[in-house]
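Accompanying notes for the structure given below.
Protein chains: 2
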Amino acid sequence: MIYRLYYWPDLQGRGEFIRLALEYAGARYVDVLRMPGGDFRREANPPPFAPPYLVAGKRVIAQTANILLFLGPRLRLAPRDEAGRLWAHQLQLTVADWLTEVHDTHHPIGSGLYYEDQKPEARRRAADYLAHRLPKFLDYFDGVLGGSGGAFLLGRRLAYPDLSLFQMVTGHRYAFPRAMARIERRYPRVVALHDRVVSDPRLLPYLKSRRRIPFNRQGIFRAYPELDDRRNNPKKT
Amino acid sequence: MIYRLYYWPDLQGRGEFIRLALEYAGARYVDVLRMPGGDFRREANPPPFAPPYLVAGKRVIAQTANILLFLGPRLRLAPRDEAGRLWAHQLQLTVADWLTEVHDTHHPIGSGLYYEDQKPEARRRAADYLAHRLPKFLDYFDGVLGGSGGAFLLGRRLAYPDLSLFQMVTGHRYAFPRAMARIERRYPRVVALHDRVVSDPRLLPYLKSRRRIPFNRQGIFRAYPELDDRRNNPKKT
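Sequences listed follow chains Y and V, in order.
With this note's numbering applied, the first sequence has no gaps in its numbers, which climb one by one up to 262 at the end.
With this note's numbering applied, the second sequence has no gaps in its numbers, which climb one by one up to 262 at the end.
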C-alpha cells in the first residue's frame, strides 16, 4: 500500500502529525502537494471538510486523529486490542483540542482574518493560554506518562500519540521559547519523552531531512515574540 | 450493560451528544451526576482530560467523539464495517470542531474567564463566525446529505452523527435565532434532517422529558442577543 497524503505543502500544521507517523514507521507514502503538479482532489468521496486527508486505495479518510486511528494498527503504532486503540485515540483527540487552542492564540477572532487584524485579542488570549491552559495540558500528559508503566504514553512501546506529544513540545519551544524555558522543567516526563523521540534512529533521518518543513509563520506554531512571555519580566514560577 | 455517564448535571454541553445516542437507542444508563450524591470519580483509569467520560464495565472512555465511536456499533447507531465506522467518526469529529467554534463565540479569550470579561472580543468573533464559519459548516453537512443516497448522513439509516447534527441545528436556533432565521433555508437537507430527528418516536419522549436539560447560559449554546445578527439590521442574503 502506498498512502497518499493531501495537505498544504508549505507548513507543518495538522499534516505533520500524519507525516511523523508515516515516517517513523517507514511507510511508503506520497506527500501529494509537495510533488510537481500535485494538488488537492477536485472530488473526494466521502468528502473531507478540510485537509489533511489520506487516500489509501479507494478509501479517503479525513480528520487528523481519524487518519491516525486508521493508520495506527497498520503501521504498528497502536495497540491491537480495542481498549488500547481507543485509549491511544483519546490521547490524540486531547492533542487535537490542545492544538486548536495553540492556533487560536494567534487567531482568536477568526481564522480567515490576518493576524495583524487581531493582535490585541491575540495578546490577551496567548497570555491566558500560557498562564492556564498550557500548564494544564502539560500536567495532564506528564501524569499519563507517570502512570503508564513505561517511558511512553501507553507503556513500554512507542505509539503514535507519543510522536504527537513530541511535536507539541518542539512546536511550543519554537513558538513560546521564553514560556517554555520557564515552565517545562516542571514536566520532566514530557521533556524526557521529547528527548527520546527526537533522537530515535527511526525518526532522526526524517527530522534532519528536507522533508521536514521548518516551522514558519504560516503554520499553527508561530513565533510571534509579542505573544510569548514578556522579556525581562518573567512570571514567578 | 448499564453505562455510566459522567458529565456536568446542569447543562447540555458535550455530554448531550452522548445522551442523545443513549436515549435514541433505548440504552440503560445512569447520568451519574444527576443522581443524588453523584459526583465525578476521584480516580479514573485511564485518566480523562475532562468530562464527559463513560464507564462501561471496567472501561473508562473520554472525549465525546471517542465515546460515540465506542458506542456506535454497540447501540446499532453506526455501520459495522471499518470504512463506515470511520466515516461516521469523521463526521462526528467535524461536529466537534464546529462545536468548539460555537463555544468560542462567547469565550474567544479564555474559557476560564467570565463572558462579561470578553464581550467586545466575543462580538467580533461571533460576527465572523456567523458570516463565514456557520455557513461553511452548514453547507458541508447539506452537501453530505445530498450525496448520501438517503435522508441521513450515512444513507438510509440514522447513525449517531445525525443526532449530533440535529443538536447543532436546535442549538443554533436557540443561540442565534435571527441568524438562523436568515440563513437556514439555504440548507434544506439539514433542516429536513432536523425535522425528521426531532419528531422521531424513538427520541421524542426524551426531548419532552425532564431528562432533557433546557438550553441555558451555562452551556455551549448561549442566547446572548448581542452576539446574534443585529435586530432590524439583517444582512443581505
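We put the CB at the ideal spot given by N, CA and C, even for glycine.
Taking 8 Å as the CB threshold, V/Trp-112 lines the interface with chain Y. Comparing C-alpha distances from Y/Ala-81 to each of Y/Ser-189, Y/Gly-40, Y/Thr-119, Y/Ile-27 shows the shortest one belongs to Y/Ile-27. When the five nearest sequence neighbours on each side are left out, the beta carbons in the same chain lying within less than 8 Å of the beta carbon of V/Tyr-165 are those of Thr-119, in order along the chain.
For the pair of segments examined, the segment 161 to 178 of chain V was found to touch the segment 214 to 232 of chain V: the number of CB pairs separated by less than 8 Å reaches three.
For Y/Tyr-28, the uninterrupted beta strand (DSSP E) run begins and ends at 28 to 31, by DSSP. Residues of chain V with a Cβ closer than 9 Å to the Cβ of Y/His-131 do not exist, since the nearest Cβ in that chain sits about 13 Å away. When secondary structure is reduced to three states using DSSP, Y/Asp-142 falls in the helix class. For V/Arg-84, the enclosing beta strand (DSSP E) begins and ends at 84 to 87. As summarised for the segment 205 to 233 of chain V, the continuous alpha helix (DSSP H) elements at least 4 residues long and confined to that stretch are 213 to 223, 229 to 233, given in chain order. For V/Thr-130, same chain residues with a beta-carbon under 7 Å away, outside a window of 5 residues either side, are Ala-147, Arg-150, Ala-151, Tyr-154, Leu-252 in chain order. Setting aside the 5 residues that flank it on each side, Y/Phe-95 is surrounded in the same chain by Ile-86, each with a C-beta closer than 6 Å to its C-beta; the list follows chain order. For V/Ala-81, the secondary structure class from DSSP, reduced to helix, strand or coil, is strand. Where V/Asp-56 is concerned, the enclosing beta strand (DSSP E) starts and stops at 54 to 56. Fewer than three beta-carbon pairs drawn from the segment 230 to 240 of chain V and the segment 177 to 189 of chain V are found closer than 8 Å, and the two stretches are therefore not classed as touching. Across the structure, V/Leu-58 and V/Glu-126 are spaced so that their CA atoms are roughly 26 Å apart. Burial of Y/Asp-56 is indicated by the presence of at least 16 other C-beta atoms within 10 angstroms of its C-beta. Within chain V, the residues Asp-153 have their CB atoms less than 8 Å from the CB of Y/Leu-138, given in chain order. In this model, Y/Ala-90 and Y/Ala-121 are separated by some 7 Å (Cα to Cα). Following the DSSP letters along the chain, one finds V/Met-193 inside the alpha helix (DSSP H) bounded by residues 185 to 200. For V/Ala-204, the closest of V/Pro-73, V/Ala-108, V/Leu-159 by C-alpha to C-alpha distance is V/Leu-159. According to the DSSP assignment, V/Ala-121 belongs to the alpha helix (DSSP H) that extends over 107 to 131. Our two residues, V/Ala-69 and Y/Phe-65, have alpha carbons roughly 42 Å apart in a direct line. Between the alpha carbons of Y/Asp-142 and V/Ser-136 lies a gap of roughly 22 Å. For the options V/Phe-246, V/Arg-256, V/Lys-233, V/Ile-245, the alpha carbon positioned closest to that of V/Tyr-49 is the one of V/Lys-233. Contact residues of the segment 91 to 104 of chain Y toward chain V are Asn-91, Leu-94, Phe-95 (C-beta to C-beta distance below 8 Å).
Taking Y/Ala-176 as the centre and dropping the five residues before and after it, the same chain places the C-beta of Leu-170, Ala-217, Leu-218, Arg-221 closer than 8 Å to its C-beta, in chain order.
Under the rule that a run must span 4 or more residues, the alpha helix (DSSP H) segments found entirely inside the segment 158 to 186 of chain Y read 159 to 172. Chain V places no beta carbon closer than 8 Å to that of Y/Gln-243, leaving this residue out of the contacts. Secondary structure of Y/Pro-98 (DSSP, three-state): helix.
For V/Tyr-249, there is no enclosing alpha helix (DSSP H), as DSSP gives it neither H nor E.
Annotated three-state conformation of Y/Gly-137 is coil, per DSSP.
Taking 8 Å as the CB threshold, Y/Val-127 stays off the interface with chain V. Around Y/Val-169, the beta-carbon contacts reaching into chain V at under 7 Å are Pro-72. Counting only residues of its own chain and dropping the five nearest sequence neighbours on each side, Y/Tyr-140 has a CB closer than 6 Å to the CB of His-131. Residue-level contact check: Y/His-157 touches chain V, since one or more beta carbons of chain V fall below 8 Å from its beta carbon. For the C-beta of V/Tyr-165, the chain Y residues within less than 7 Å are, from N- to C-terminus, Phe-74.
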